[in-house]
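K.L.:
The sequence shown maps to residues 26 to 183 in the working numbering. Beta carbons are placed, not taken as given, at the ideal position from N, Cα and C, and that holds for glycine. Encoded as structure tokens, here's the structure I'll be asking about.
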Amino acid sequence: MSGDDDGLRDFVTSRLPHLRRTAFLMCGDWELATELTEACLARVVADTRRGAVADPDVYAYADLMEACRRRNRRREHVFVASAGAEGVEAESILLLDALHKLAPRCRAVLVLRHWDGFDVDAVGAMLDLDDERVAAYERAGLAALEQLLTDSEAALAG
Numbered sequence: 026m027s028g029d030d031d032g033l034r035d036f037v038t039s040r041l042p043h044l045r046r047t048a049f050l051m052c053g054d055w056e057l058a059t060e061l062t063e064a065c066l067a068r069v070v071a072d073t074r075r076g077a078v079a080d081p082d083v084y085a086y087a088d089l090m091e092a093c094r095r096r097n098r099r100r101e102h103v104f105v106a107s108a109g110a111e112g113v114e115a116e117s118i119l120l121l122d123a124l125h126k127l128a129p130r131c132r133a134v135l136v137l138r139h140w141d142g143f144d145v146d147a148v149g150a151m152l153d154l155d156d157e158r159v160a161a162y163e164r165a166g167l168a169a170l171e172q173l174l175t176d177s178e179a180a181l182a183g
């Protein structure tokens, strides 16, 4: 096996859990997240071997975001989690539910920025947006998320 294949194997192994979590945050379904992540990583490997990938991270996250966008267009997903599920805090369920009520671009920006820790430039490259649009989606997403969480807390208290 060549050094390039070893590097690809290391890339896939190290990124798989992070990409799968990102896919879950975008689609709300672990099974679908696994499917989308595996397909994405297969494309990264194939395209890297052909020399078509300059930055595997940007390529992988951009491909995953596009796959999630296409998938969400085909069917509506309703996030459902049982409040008594072991290892799942009520706050996490409320946050995931609120996240899935956001517009897809706002959700993508928030997931990439706040869960995955990418900077504005990287998110812009992944979503094909300029820095101003990334910042605008981030502001709108955070404001909407805050309102949704406030509404959820008020509904639970009332």
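Classify Ala79 as helix, strand or coil using the three-state DSSP reduction.
P.N.:
Locating residue 79 in the sequence shown gives position 54, where the first residue counts as 1. DSSP places Ala79 in coil when its eight states are reduced to three.
K.L.:
In three-state DSSP terms, what is Phe49?
P.N.:
Numbered from its first residue, the sequence shown carries residue 49 at position 24. Phe49: helix per DSSP, three-state reduction.
K.L.:
Does DSSP classify Ala128 as helix, strand or coil?
P.N.:
Residue mapping note: residue 128 aligns to position 103 of the sequence shown, counting from 1. Correct three-state label for Ala128: coil.
K.L.:
With a cut-off of 8 Å on the beta carbons, I'd call Leu33 and Cys65 a contact; round off their distance for me.
P.N.:
Start at 1 with the first residue of the sequence shown, and residue 33 comes out as number 8. Start at 1 with the first residue of the sequence shown, and residue 65 comes out as number 40. Rounded, the Cβ-Cβ distance is 13 Å, inconsistent with contact.
K.L.:
Could you spell out the range, first to last residue, of the alpha helix (DSSP H) harbouring Leu152?
P.N.:
Position 127 of the sequence shown, counted from the start, is the residue given in the question as residue 152. That run of the alpha helix (DSSP H) goes Val145 to Leu152.
K.L.:
Can you give me the C-alpha to C-alpha distance between Lys126 and Val70, rounded to a whole angstrom?
P.N.:
Along the sequence shown, read from residue 1 onward, the residue named residue 126 stands at position 101. Along the sequence shown, read from residue 1 onward, the residue named residue 70 stands at position 45. Roughly 33 Å separates the two Cα atoms.
K.L.:
From His139 to Thr47, what distance separates their C-alpha atoms?
P.N.:
Here residue 139 refers to the residue found at position 114 when the sequence shown is read from its first residue. Here residue 47 refers to the residue found at position 22 when the sequence shown is read from its first residue. If I take the Cα positions, the gap works out to 11 Å.
K.L.:
Could you spell out where the alpha helix (DSSP H) holding Val69 opens and where it closes?
P.N.:
The sequence position of residue 69 within the sequence shown is 44, counting from 1. Unbroken alpha helix (DSSP H) run through Val69: Trp55 to Arg74.
K.L.:
Could you check the C-alpha separation between Ala67 and Glu171 for me, to the nearest Å?
P.N.:
Position 42 of the sequence shown, counting from 1, holds the residue named residue 67. Position 146 of the sequence shown, counting from 1, holds the residue named residue 171. When rounded, the distance between both Cα atoms is 36 Å.
K.L.:
Evaluate Thr73 with the Cβ neighbour count: other Cβ atoms within 10 Å of its Cβ, from every protein chain shown; 16 or more gives buried, anything less gives exposed.
P.N.:
Within the sequence shown, residue 73 is the residue found at index 48, counting from 1. Buried, by the Cβ-count rule.
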